[in-house]
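Numbering (our numbering), first residue to last: 211 to 378.
Ideal Cβ positions, reconstructed from N, Cα and C, are used throughout, including at glycine.
Because the structure is a prediction, the values reported are computed rather than measured.
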Ligand SMILES: [Zn+2]
């Protein structure tokens, strides 16, 4: 009897472990997906971010939402200039790194030095490399290894997460 009980306990432990494991990957509200700011002065509460940002920009930067493809006016932006984080205004990309990827999202071959940080993301089960603003932790997009030479990287960015300012 005791053995049977032990078996049940063990089984429920395993089931709980599996549920926790699956929940970790599929639960959007786990909070584990969010990136912490590198700079503590940008450690704002959700309410403070909501006051600063429009609701659609908030969803991308703070909840890692992805905007619809071909929806951003920045797709066709070809002027020389700098792309800044829509959360904290840190400069993230130069127009010289922008290229036409055909994906429907603004794409860059490399970020400005030290401007973004990455983490692994399992939202689509297959691991992807998420990247975010190094200063405020705001989600920008995902980086893939099918970009143009010499970097071979494609930083696939949400247009809503960026503000473009042309070179003056
Ligand atoms: Zn930022």
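Between ligand 1 and the CB of residue 345, the shortest heavy atom gap is smaller than 7 Å. In this structure, residue 350 sits away from residue 284, with a CB-CB distance that is not shorter than 8 Å.
Per DSSP, residue 329 lies in no alpha helix (DSSP H) segment; the continuous beta strand (DSSP E) that holds it begins and ends at 326-331. Going by DSSP, residue 340 is part of the beta strand (DSSP E) stretching over 338-343. For residue 339, the closest of 355, 347, 348 by C-alpha to C-alpha distance is 355.
Within the DSSP bridge table, the entry for residue 367 names 351 as partners. Of the heavy atoms belonging to ligand 1, none sits nearer than 7 Å to the Cβ of residue 263.
Residue 353 and residue 257 have their C-alpha atoms roughly 29 Å apart.
In the DSSP annotation of this structure, the continuous segment of the beta strand (DSSP E) that includes residue 302 starts and ends at 301-304.
Look at residue 291: its beta carbon is at least 7 Å from all of the heavy atoms in ligand 1. Within the same chain, Cβ atoms closer than 6 Å to the Cβ of residue 377 are found at 290, 291, the five residues on either side in sequence being excluded.
Between ligand 1 and residue 295, a heavy atom-to-CB distance of less than 7 Å is present. For residue 300, the CB falls within less than 7 Å of some heavy atom of ligand 1. The beta-carbon separation of residue 294 and residue 375, rounded to 7 Å, stays under the 8 Å limit for a contact. Residues of the same chain with a CB within less than 6 Å of the CB of residue 267, apart from the 5 flanking positions on each side, are 296, 370 in chain order.
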